[in-house]
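Here the structure is laid out as structure tokens; the discussion comes afterwards.
In my numbering, the protein residues as written are 10 to 288.
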């Protein structure tokens, strides 16, 4: 039986765009998927989408922007970091509650994956979230060295942001049996990447750990491979992408209330346009 998959790229605060797309899906009651997978901020967006509450994802992003318990530049002088990922626990529990009971009641029999990167092997870990470890999976998928906590332990191994090992996990979706795949992007449709300066720095910083250094040296290769796969999928595989056409106002770590709102509205428009064409 053919399966439909939803694949969600990460992007830090650019996930405001993704939140808009997914809210278009929610208000249109569009959720025909059998397989779900998200990476980094995309995993957070996926979680709130599965819970089904309109605007909850963008609300959570606003909390991350505005609450000093998450972004605090004074922490740079004590911890060397300025984003506190463990604050996710409080957001999901009380500030913008993540309704796990609804998720499991409605989607418990479906395939759900959250991508993290194994810090020892450099390989992707496709975490299967449970009621007990869901938020821990999100933290593992979002852990960025030099910005947030450098690692997060889950299932007995240390993880970091999933974007380094499988930034757009379309191949994994196919391996789960999906033949009809919708991908929500926070980057342009067909623009490929070169090694970024932060990744070059990470490669040199971790040079005594070859597996970890390779994570930083090969991220753009993994990303470009996913682009090629989506633009030229195997026979029998249909891949549709929702991607910004114009540059988003937010960046992965740069933001403002206005930028978040503009990107959210842009995503909402793109999501509704997609549904008009493909419903």
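Heads up, the beta-carbon is just placed ideally off N, CA and C, and yes, glycines get one too.
**Q.** Secondary structure, beta strand (DSSP E): runs of 3+ residues fully inside the stretch 209 to 267
**A.** 247 to 251
**Q.** Closest by C-alpha distance to residue 247, when choosing among 277, 209, 287 and 219
**A.** 287
Q) When burial is assigned at 16 or more other CB atoms within 10 Å of the CB, is residue 230 buried or exposed? A) exposed
Q: Helix, strand or coil for residue 98, going by three-state DSSP, please let me know.
A: In the three-state DSSP reduction, residue 98 falls in the helix class (H, G or I).
**Q.** Contact under 8 Å by Cβ, residue 196 with residue 126
**A.** no
Q | Close-in-space but distant-in-sequence residues of the same chain around residue 268 (CB under 6 Å, 5 per side omitted) | A | 258 and 259
Q. With C-beta atoms as the reference, is residue 28 less than 8 Å away from residue 67?
A. yes
**Q.** Cα-Cα separation, residue 119 to residue 43
**A.** 6 Å
Q: Kindly identify the DSSP beta-bridge partner or partners of residue 21.
A: Partner(s): none; residue 21 has no beta bridge.
Q) Would the stretch 132 to 142 and the stretch 171 to 191 be scored as touching if the rule is three or more Cβ pairs under 8 Å? A) yes
**Q.** Alpha-carbon spacing of residue 109 relative to residue 163, whole angstroms
**A.** 19 Å
Q: Please confirm whether residue 150 and residue 48 have their CB atoms less than 8 Å apart.
A: yes
Q: Within 10 angstroms of the Cβ of residue 78, are there 16 or more other Cβ atoms? Answer buried if so, exposed if not.
A: Result: exposed.
Q) Tell me which same chain residues have a C-beta within less than 6 Å of the C-beta of residue 57, skipping the five on either side of it? A) Take residue 57, set aside five residues on each side of it, and the residues of its chain with a beta-carbon closer than 6 Å to its own are 65 and 66, in chain order.
Q) Terminal residues of the continuous beta strand (DSSP E) containing residue 46? A) 44 to 48
Q: Evaluate contact between the stretch 186 to 203 and the stretch 239 to 253, counting only Cβ atoms and requiring at least three cross-stretch pairs below 8 Å.
A: yes
Q. Does the separation of the CB atoms of residue 121 and residue 137 fall below 8 Å?
A. Residue 137 is positioned such that its CB atom lies closer than 8 Å to that of residue 121.
Q | Backbone CA spacing between residue 112 and residue 143 [nearest angstrom] | A | Note on geometry: alpha-carbon atoms of residue 112 and residue 143 lie some 11 Å from one another.
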